[in-house]
Each structure stands twice: as structure tokens, then as C-alpha cells.
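*Asks:* So in my numbering the end of the sequence shown lands on 1465, straight run, no missing numbers. Quick reminder that beta carbons are idealized off the backbone N, C-alpha and C, glycines included. These numbers were taken from a predicted model, which means no experiment stands behind them. The structure that follows is given in the form of C-alpha cells.
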Amino acid sequence: MTEKTIFESDGRAVPFIDEGEGPVTLVLVTNRELEADGLGVISHYLAEEAGFRVVRVGSRAQVEGVTVQERAADALAVLDHLGIDDTWIGGHGHGSTIARVFAADHTDRVNGLLMLGVEDQPIALASGIPVLIIQAEQDDVTPAANAEALRATAPERASVTTIPGADHYFPATHPIETAVVIEEYLDWD
């Protein structure tokens, strides 16, 4: 695994991990420590097995009082620092909400949106980009109804895939199944 790096700018310290070199770039935003975000195995699989470049952007050391918009700005600062001009962006739970805000604010930088569970938030989907929602069958934190309601706002470009038998922690408990769904959806090879 690639080591964590801290990007420091404007009084913020944003941890990130940059892994892989593939032609497809996926940025995953988490609301937890990178070591405990549950996305590490998915990221490693996509970087090593699927040939993607995966950047995981963690939360600032002090997240109390940091808004979703500020977290999206943190992700943008890391992308600028790494020289990434366009990417798929996603996250799990609250991280997917941050990714949704990022996509809406920076549509020129986003190829698509990946949501691993959907929070019930009044944030419109960015126009013109594909949206992949991966939903756990037994998720009581970000229930399937949230995913279906969001998909219904853009049925021509949003799709939902369900991980059978999984709960809200499916990125950690079903990482390979989740990674394969992502790999097959992006289907660049």
C-alpha cells in the first residue's frame, strides 16, 4: 500500500493516499481517518488489479465545524496539488455527499460520480455526468430508498447496483464485490 501524505495549505492539513497509475482516475472522499475508512481494500484492488489511479482524500485532523463545501474544497486542493484535471469522484456515506457537492461545484473536473450509499440530502446531481450508486441490501444508515429516490431524479444517467446481504459497512465487509462493480461499470479495458 502507498503511504499517507499530508497536504498542507491555507492552515489545513488534509491527508491523502495516491495509488496506481492507470488511465482512469477515481478520487474517493472519506469522512474518517484513512486507516479506518473501509475503502483501502477497494482502492488497492482497483489500483493493482484493475489498473486505476485511486486517490483517497481523508478528513482534516479537526473536522468539527468543517462544512461539506469546505471538505469538497479540500478535495479540490488535493487534486490541484496532484495535477489531476478530471476524475471520477465518489465516497461512502457522508463521503458520497461530499463527492456529490464536489461534482455539482466542479462539473468541468468530473467524469462521473460514484456513491457508496446515499445520504438523504437535498443536493441535486450535477448535470450531464454518469452516476453509479452502489447500495447495500440491508443498509439501515443510508437505506435503499435514498438511492432509488436519487436515481429517479436522473434515470437516464444514474444506475443503482445492490450488494446482496450487505449492510452499511459493505465497503469493508464486501470490498472485492464492490470493487468489481466499480471496475465493470467504468469498463475502460
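1. Is DSSP giving Q1397 helix, strand or coil here?
2. So if DSSP puts T1306 in a beta bridge, which residue, or which two residues, is it bridged to?
3. Apply the 10 Å Cβ neighbour rule to S1285 and answer buried if 16 or more other Cβ atoms are within range, or exposed otherwise.
4. Straight-line CA distance for A1380 to T1373?
5. Can the beta-carbon of A1448 be found closer than 9 Å to that of V1317?
6. So the candidates are V1290, V1342 and A1400; which of them puts its Cα closest to the Cα of D1356?
7. Closer than 7 Å by C-beta to E1424: which residues in its own chain qualify, once you throw out the five before and the five after it? Chain order, please.
8. I'd like the span of the beta strand (DSSP E) that includes H1320, first residue to last.
9. Just the C-alpha distance for H1370 and V1344, rounded to the nearest angstrom, thanks.
10. Quick one, which of A1337, P1451, D1294 and N1307 has its alpha-carbon nearest P1440's?
11. Indicate the three-state DSSP secondary structure (helix, strand or coil) for F1446 in the structure shown.
*Replies:* According to the structure shown:
1. For Q1397, the three-state secondary structure derived from DSSP is coil.
2. DSSP lists no partner for T1306.
3. Its Cβ having fewer than 16 others within 10 Å, S1285 is exposed.
4. Computed Cα separation, rounded: 11 Å.
5. Pairing A1448 with V1317 gives a Cβ-Cβ distance under 9 Å.
6. Looking at the Cα atoms, V1290 is the closest of the given residues.
7. So the list reads V1436, once near-sequence residues are dropped.
8. Where H1320 is concerned, there is no enclosing beta strand (DSSP E), although the alpha helix (DSSP H) it sits in stretches over G1316 to E1324.
9. Per the coordinates, the alpha-carbon of H1370 lies some 9 Å from the alpha-carbon of V1344.
10. The residue among A1337, P1451, D1294 and N1307 with its C-alpha nearest the C-alpha of P1440 is P1451.
11. The answer is helix: DSSP assigns F1446 an H, G or I state.
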